[in-house]
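Each position in the sequence shown, counted from 1, maps to that position plus 3 in my numbering. Before any comments, here is the structure.
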Amino acid sequence: MESTSQIKKIAILTSGGDAPGMNPCIRAVVRYGIANGLTVIGVDGGYSGLIHGDFHEMNLRDVGGIMQRGGTILQTARSEEFRTQNGQRKAIRQMSSEGIDALVVIGGDGSLQGAMKMHAQGVKVIGVPASIDNDIYGTDMAIGVDTALNTIVDAIDKIRDTASSHSRAFLVETMGRESGYLAIQAGIVTGAEMVLIPEVETDVEKLAKAMDEAYRHGKSHCIIVCAEGATPHTTELGQIIDGMDLGFTTRISILGHMQRGGKPTAFDRLLASRFGARAVEFLIAGQSGVMVGLDGNKITTTPIEDVTTLKRVVSMEVYEMANILAR
Ligand code: ADP
Ligand code: F6P
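Structure follows, in structure tokens:
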């Protein structure tokens, strides 16, 4: 199909922390773009690649066999230089010398801040939310969240086997430096005894009491899901609890980067494919400076300005529910 829009050549990059589902999104942008008569340029290594002109044209076959692969075939990066106006100018110059009309940025809140800077300087840009933390304003779900959650649930189910065989308490740390989303959801669906999140300072006495009660009520184990950003931090909390002489002996399990890897789930593949296709469609229709998002089951757009200035907060109602269901 010949493109009748002003957009003829688009570039795509992945930036910030990787998230499972970035590849299906790249695939969708490339295939939907080509189907609409566009030339699609892959940028290697996020904004750093944009600054250095690490570009290559992508064809239909370049994105074959990547649907089920975690990570990103375009590589991702964190670029300090891009944070500066000089770095952004270099990136804009590289785009115009390559004849690129618009940019698709797949990444987390930091990457979308970068997209906002490009938009403010007249670059046509569209954002796609991808971050396992699910802390991005303007979408119910970001790419990678569902896969990470399933990875966490799988890990906690396994940890529970050891916990109950040894009558132990486990502090299991999930990712989420600033958001308790993953910890709350994982806490609910694994039946954890307590969930600790960055948004609420941990009441150590209350936690100790809950652990003690669990022990006295004859529970065979005690699982506490701690988000990475909760205070006190998991390791410090472990030491405090160790010194409290509770019924359970305690172990700590930090799940770490395994949460960011692995095959994207069906949900993430579908979400990423829908986001990628609609991002291209919106660009062709003349939209710019927006991020695609999910609202219920509908794909929406939100101004990147809102995405970067408003905060997505976890639901305290769901958090309370997680702790009530644990009793
Ligand atoms: P994520 O997108 O996963 O949140 P980061 O916060 O590390 O990851 O951001 C990724 C990259 O986006 C940064 O390395 C930087 O190049 C760019 N970026 C982040 N914030 C800004 C900003 N305020 N201005 C310009 N670029 C930014
Ligand atoms: O992707 C976001 C995130 O998962 C945060 O929750 C975490 O703190 C961070 O990534 C760690 O990323 P890195 O090790 O790449 O700096």
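Glycine is no exception: its CB is placed at the ideal position from the N, C-alpha and C atoms.
Ligand 1 and residue 120: does any heavy atom of the ligand fall closer than 7 Å to the residue's C-beta? yes
Nearest-angstrom Cα separation, counted from residue 27 out to residue 11: Between residue 11 and residue 27, the C-alpha separation is close to 22 Å.
Residue of 293, 197, 132, 303 minimising C-alpha distance to residue 105: 293
Pull up the distance between the alpha-carbon of residue 79 and that of residue 289, whole angstroms please. 27 Å
In chain order, what are the residue ranges of uninterrupted beta strand (DSSP E) at least 3 long that sit wholly in the segment 269-312? Listed in chain order, they are 293-298, 301-306.
Verify the contact flag: residue 88, CB atom, against every heavy atom of ligand 1, threshold strictly below 7 Å. no
For the candidate residues 303, 178, 307, 151, whose alpha-carbon lies nearest to that of residue 115? 307
Looking at the secondary structure, which residues open and close the beta strand (DSSP E) in which residue 45 lies? Boundaries of the beta strand (DSSP E) harbouring residue 45: 42-46, taken from the DSSP string.
Rounded C-beta distance between residue 325 and residue 243? I'm assuming under 8 Å. At roughly 22 Å, the Cβ-Cβ gap does not stay under 8 Å, so residue 325 and residue 243 are not in contact.
Distance check for residue 180 and residue 33, CA to CA, integer angstroms please. Each residue's Cα considered, the two are about 32 Å apart.
So for residue 85, helix, strand or coil by DSSP? If DSSP states are grouped into helix, strand and coil, residue 85 belongs with the helices.
Between residue 136 and ligand 2, is the CB less than 7 Å from at least one heavy atom? Yes; taking the cut-off as 7 Å, the Cβ of residue 136 has a heavy atom of ligand 2 nearer than that.
Using DSSP bridges, identify the partner residues of residue 106. Partner(s): 14, 128.
Tell me which same chain residues have a C-beta within less than 7 Å of the C-beta of residue 211, skipping the five on either side of it? 244, 247, 249
Range covered by the beta strand (DSSP E) that runs through residue 197: 197-199
So who's on the other strand from residue 229, going by DSSP bridges? 176, 199
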